[in-house]
Amino acid sequence: MKKFMLFMFILVLLVGIISAFEFDNVQDYNSDKKEYTITNALGIPFFGKEIAKIKLNTPLNYEVPIGYQKVAEFTVENYDDYVNVFNDMEFYNTRKDEFL
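Residue numbers for the sequence shown follow the UniProt record's numbering, beginning at 1 and rising by one.
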């Protein structure tokens with residue numbers, strides 16, 4: 001009985017850690033709106049909630065004069081008090097067909 005109670009106590013303490021996992025985040029891209037939607041909980045309808053929406057404000061092919069560093073502009077709508085919004089970003093070079 002003591003082992004069972006100890007197991008239940010540890011299980012209750014681990015609920016916060018388990019619910020904070022990020023491996024279950026799913027991204028969905030809408031090409032018409034040029035918008036990514038990041039959903040928690042593997043994108044299961046009515047179960048997961050939206051974490052953020054990222055919208056591209058510049059055209060996909062954006063001509064930039066030499067010396068300018070701005071090549072893309074996007075807006076992030078963060079729906080939660082989510083700290084790691086930019087922990088893993090990938091950029092793609094369309095001229096060389098490679099990830100940066």
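For every residue, glycine included, the Cβ atom is placed at its ideal position computed from N, Cα and C. Here the structure is a predicted model, which means the values were calculated and not measured.
Taking DSSP's pairing of strands, which residues face residue i in a bridge?
| i | result |
| --- | --- |
| Glu77 | Lys53 |
| Glu35 | Asn30, Lys55 |
| Glu98 | Asn93 |
With a cut-off of 8 Å on the beta carbons, I'd call residue i and residue j a contact; round off their distance for me.
| i | j | result |
| --- | --- | --- |
| Asn57 | Thr39 | The pair is not a contact, with the Cβ atoms about 22 Å apart (cut-off 8 Å). |
Measure the alpha-carbon distance for residue i versus residue j and round it to whole angstroms.
| i | j | result |
| --- | --- | --- |
| Tyr29 | Lys55 | 10 Å |
| Ala41 | Val26 | 8 Å |
| Ser31 | Pro59 | 12 Å |
Quick one: residues in its chain with C-beta nearer than 7 Å to the C-beta of residue i, no 5 flanking neighbours on either side, listed in chain order?
| i | result |
| --- | --- |
| Val71 | Tyr62, Val64 |
For residue i, which residues from the same chain have a beta carbon less than 8 Å from its beta carbon, with the 5 sequence-adjacent residues on both sides left out?
| i | result |
| --- | --- |
| Phe91 | Phe99, Leu100 |
| Phe47 | Ala41 |
Counting only the same chain and skipping the five closest in sequence on each side, list residues whose C-beta sits under 6 Å from that of residue i.
| i | result |
| --- | --- |
| Asn93 | Leu100 |
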